[in-house]
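Peer 1: For what it's worth, the UniProt record's numbering labels the leading residue of the sequence shown as 1, then goes sequentially.
Virtual Cβ for every residue (Gly too), placed ideally from N, Cα, C.
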Amino acid sequence: MNIISEPSTRLNGRDLIMNTLNGLSIGIIVALVPGALLNQLLKALLPVFPQAAFFLTLTGMATVLMAPVSAVCVGMMAGFSPIQTSSLALAAIAGAGNFQLKGTSYVVAGSGDVINIAITIMIGYLIIALLGQALKAYTILLIPLLVLIIAGGIGVLTLKPVGAITQMIGLGIEQLAQLQPIVMGILIGMVFSILIVSPISSVGIAAAIGINGLAAGSANLGIVAASFALAVYGWKVNSVGTSLAHFLGSPKMQMANILSRPRLIVPVVLNAGIMGGLGALFGVSGTPMSAGFGFAGLIGPIAAINGYGNANILNIGLVTLLFFVIPIALGLVSNYLFEAKFHYFDSQDFELNY
Numbered sequence: 001m002n003i004i005s006e007p008s009t010r011l012n013g014r015d016l017i018m019n020t021l022n023g024l025s026i027g028i029i030v031a032l033v034p035g036a037l038l039n040q041l042l043k044a045l046l047p048v049f050p051q052a053a054f055f056l057t058l059t060g061m062a063t064v065l066m067a068p069v070s071a072v073c074v075g076m077m078a079g080f081s082p083i084q085t086s087s088l089a090l091a092a093i094a095g096a097g098n099f100q101l102k103g104t105s106y107v108v109a110g111s112g113d114v115i116n117i118a119i120t121i122m123i124g125y126l127i128i129a130l131l132g133q134a135l136k137a138y139t140i141l142l143i144p145l146l147v148l149i150i151a152g153g154i155g156v157l158t159l160k161p162v163g164a165i166t167q168m169i170g171l172g173i174e175q176l177a178q179l180q181p182i183v184m185g186i187l188i189g190m191v192f193s194i195l196i197v198s199p200i201s202s203v204g205i206a207a208a209i210g211i212n213g214l215a216a217g218s219a220n221l222g223i224v225a226a227s228f229a230l231a232v233y234g235w236k237v238n239s240v241g242t243s244l245a246h247f248l249g250s251p252k253m254q255m256a257n258i259l260s261r262p263r264l265i266v267p268v269v270l271n272a273g274i275m276g277g278l279g280a281l282f283g284v285s286g287t288p289m290s291a292g293f294g295f296a297g298l299i300g301p302i303a304a305i306n307g308y309g310n311a312n313i314l315n316i317g318l319v320t321l322l323f324f325v326i327p328i329a330l331g332l333v334s335n336y337l338f339e340a341k342f343h344y345f346d347s348q349d350f351e352l353n354y
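(1) Roughly how many angstroms separate the alpha carbons of M18 and T158, rounded to a whole number?
(2) Taking 8 Å as the threshold (C-beta atoms), are A71 and A92 in contact?
(3) Within 10 angstroms of its Cβ, does V266 collect 16 or more other Cβ (buried), or is it exposed?
(4) Using beta-carbon positions only, say whether residue 405 and Q40 come within less than 8 Å of one another.
(5) Beta carbon of F247, beta carbon of S218: below 8 Å?
(6) Name the DSSP bridge partner or partners of Y106?
(7) Should F323 and V232 be called a contact, given that it needs their Cβ atoms to be closer than 8 Å?
(8) Would you call the CB atoms of N238 and E351 closer than 8 Å?
(9) Should G307 be listed as close to the ligand PLP, given that the test is whether its C-beta is under 7 Å from any heavy atom?
(10) In whole angstroms, give me the CA-to-CA distance for A89 and I328.
(11) Hey, L46 and A53 are a contact pair by Cβ (cut 8 Å); roughly how many whole angstroms apart?
(12) So N257 packs on S334, CB below 8 Å; how close in whole Å?
(13) According to DSSP, simplified to helix, strand and coil, what is G276?
(14) Tell me whether S105 is buried or exposed, calling it buried when 16 or more other Cβ atoms sit within 10 Å of its Cβ.
(15) Have a look at I316 and S25 and give me their C-alpha separation to the nearest angstrom.
(16) Count Cβ pairs between the region 284 to 299 and the region 201 to 220 that sit closer than 8 Å; are there 3 or more?
(17) Using the three-state DSSP reduction, which class does G60 fall into: helix, strand or coil?
(18) Which term fits P301, buried or exposed, when burial requires 16 or more other beta carbons within 10 angstroms of its beta carbon?
(19) In terms of residue numbering, what span does the alpha helix (DSSP H) encompassing Q192 cover?
(20) Could you give the DSSP three-state label for residue 356: helix, strand or coil?
(21) What residues are listed by DSSP as bridge partners for G307?
(22) Less than 8 Å between C-beta atoms, sequence neighbours within five positions excluded: which residues of the same chain meet that for G163?
(23) What is the rounded straight-line gap between the Cα of K341 and the Cα of S201?
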């Protein structure tokens, strides 16, 4: 087995960006979907099934390892060798910022800063592509060292400035929360629909500013609208599992498609604005932890029912309409208008090939 030889890694700027975005999208889904699907159910089972805590531990481990998982996905998409790919993963861990040295031990929490993970991976990708096969037999010695020290080191240095950008976005959203409820709901729904398909963490933003009440409900419904819309827009070209993953997992899987063709966000944002406004109109509330999740794990719907005070038939029916029926209907209507009538996009624009 030859572990030294490496594939050709000729540098191409577009490939660097798209492979990073696509790999990051896949890594986020792989790391976060287990928790999104199981955590709420497992937490509900804890009083009668304490052993469920073991599975919560496993999904938590998956979450904190999002950075290296994403880097591995990027390496595979770029055609990197095992040495190059694993080196990229080490650098991504350094840039994620969720591993903190406390005394002589490391404490890990959260999934890390997605924007900074992307920056770190891109720098590591660039180093690997520039060096290519030039190191020959010294690859196994130098690639891990150079990628970790240079890319990982830069990632550590950029962590605070990138975090400051996230804080500025959070402050802007806080200002929106002060507006008249319906206007606030529309705008916050739109903003969070953009965040959920960007490298910025919607969950991180929501937690950082402590968004609550109607604002959190509108934020969540904006993400729900984006999830179902994107699932509908690409259902002709994507598998059933991939389509379901948009709302059972995260629509962030469409990040590369949206960022490479920004105009695709327009119908998504319109749907999100409608859902955010409806959320404010019908008094849908949420918490800082539910605001950034959307439909995944039923976190948003459960928070909405809790916000109404009790789980009676009327409240469950209303939540079902707002979190399932209406978003799907909006997705179908907007898909017909923007694809069939306006020819604004094609289903191929939303294709995901995993």
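Peer 2: Here's the rundown:
(1) 21 Å
(2) yes
(3) exposed
(4) Residue 405 lies beyond the range of the chain shown here (1 to 354); nothing can be said about it.
(5) no
(6) L101
(7) no
(8) yes
(9) Of the ligands one can find in the structure shown there are none, so the ligand PLP has no counterpart to examine.
(10) 37 Å
(11) 6 Å
(12) Contact flag wrong, Cβ pair sits at about 16 Å.
(13) helix
(14) exposed
(15) 32 Å
(16) yes
(17) helix
(18) buried
(19) The residue asked about is misnamed: residue 192 is Phe in this sequence, not Gln. First-last of the alpha helix (DSSP H) with F192: P181 to L195.
(20) Past the boundaries of the shown model lies residue 356; the chain is included only from 1 to 354, so the question cannot be answered.
(21) Answer by DSSP bridge pairing: none, since G307 is not bridged.
(22) G97, D113 and N116
(23) 34 Å
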